[in-house]
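*Asks:*
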Amino acid sequence: MCQFDLFPGLPKDIGDQEGKDCVKCGEYLPLDAFSLASGGKYRRSECRYCAQELARVRNELRATTEPPRDDHQCPICRRNAGEVEGAGGKAHSTPWVLDHDHQSEVARGWLCHTCNRALGSFADDTERLSRAISYLNYYSEGQNVEAEDQLQEFR
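Heads up: the sequence shown begins at 112 in our numbering, then just goes up one per residue.
#1: My guess is that glutamate 216 and valine 168 are in contact by the Cβ rule of under 8 Å, so how many angstroms apart are they, rounded?
#2: Ends of the beta strand (DSSP E) at alanine 218?
#3: Whole angstroms is fine: what's the gap from leucine 142's alpha carbon to arginine 154's?
#4: Quick one: is serine 251 buried, meaning 16 or more other Cβ sit within 10 Å of its Cβ, or exposed?
#5: Return the bridge partner residues of arginine 154 from the DSSP annotation.
#6: Can you say whether serine 245 is buried or exposed, counting buried as having 16 or more other CB atoms within 10 angstroms of its CB?
#7: Can you tell me where the beta strand (DSSP E) holding glycine 130 begins and where it ends?
#8: Just the Cα atoms here: how many angstroms apart are glutamate 292 and glutamate 177?
#9: In angstroms, rounded to a whole number, what distance separates the CA positions of arginine 228 and glycine 150?
#10: Can you pull the DSSP bridge partners for glutamine 214?
Printed below as a string of structure tokens:
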């Protein structure tokens with residue numbers, strides 16, 4: 112099945128029409144296949160079909176995962192609900208988001224919005240995260256020799 116089959120109203124060949132690649136399915140689709148993001152200033156990075164599928168997975172995981180306790184702390188930044196309230200860009204109905212593996216669709220745990228976005232920005236890639244840590248260590252520790260060796264490994 113081609114991604115265009117999921118959008119019967121869209122032309123199969125977009126020709127000169129402006130389009131973009133969906134970051135989830137990789138299909139090049141017309142702009143109409145992408146919803147406007149919050150605020151309506153730009154188009155979302157995933158197509159409508161992929162966004163619907165992501166929402167379905169998130170809703171199923173939330174329905175089958177025990178909610179965080181009242182005294183929950185983000186396992187990454189160790190902040191509690193009061194400390195993360197309003198962090199992450201916009202007001203959310205809850206300070207916690209259910210992090211999950213996008214490949215296996217398995218829930219991993221409740222994170223604050225900021226830490227969840229950070230993991231997403233690193234595409235859950237532990238090699239990238241390791242290089243980021245080495246980079247930060249190099250510059251935060253006065254460019255020490257040990258950190259320099261770690262950083263050189265990634266240059």
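Beta carbons: idealized from backbone N, C-alpha and C, even for Gly.
A quick note: this is a predicted structure, and the numbers were derived from the prediction, not measured.
*Replies:* This is what the structure holds:
#1: To locate residue 216, count along the sequence shown from 1; it is residue 105. To locate residue 168, count along the sequence shown from 1; it is residue 57. The pair is a contact, with the Cβ atoms about 5 Å apart (cut-off 8 Å).
#2: For the purposes of this step, residue 218 is taken as the residue at position 107 of the sequence shown. It spans 217-223 - the beta strand (DSSP E) in which alanine 218 sits, taken as one unbroken run.
#3: Against the sequence shown, residue 142 aligns to sequence position 31. Against the sequence shown, residue 154 aligns to sequence position 43. Distance between the alpha carbons of leucine 142 and arginine 154 is about 8 Å.
#4: Against the sequence shown, residue 251 aligns to sequence position 140. Serine 251 should be labelled exposed.
#5: Locating residue 154 in the sequence shown gives position 43, counting from the first residue. Arginine 154 is bridged to Leu147.
#6: For the purposes of this step, residue 245 is taken as the residue at position 134 of the sequence shown. Classification of serine 245: buried, given that the 10 Å Cβ count is 16 or more.
#7: Working through the sequence shown from its first residue, we reach residue 130 at position 19. Its beta strand (DSSP E) spans residues 130-132.
#8: As shown, the chain starts at 112 and ends at 266. That puts residue 292 outside it, with no answer to give.
#9: As a first step, residue 228 is located in the sequence shown; it is residue number 117 there, counting from the start. As a first step, residue 150 is located in the sequence shown; it is residue number 39 there, counting from the start. C-alpha separation (whole angstroms): 19 Å.
#10: The sequence position of residue 214 within the sequence shown is 103, counting from 1. Its beta-bridge partners do not exist; DSSP assigns none.
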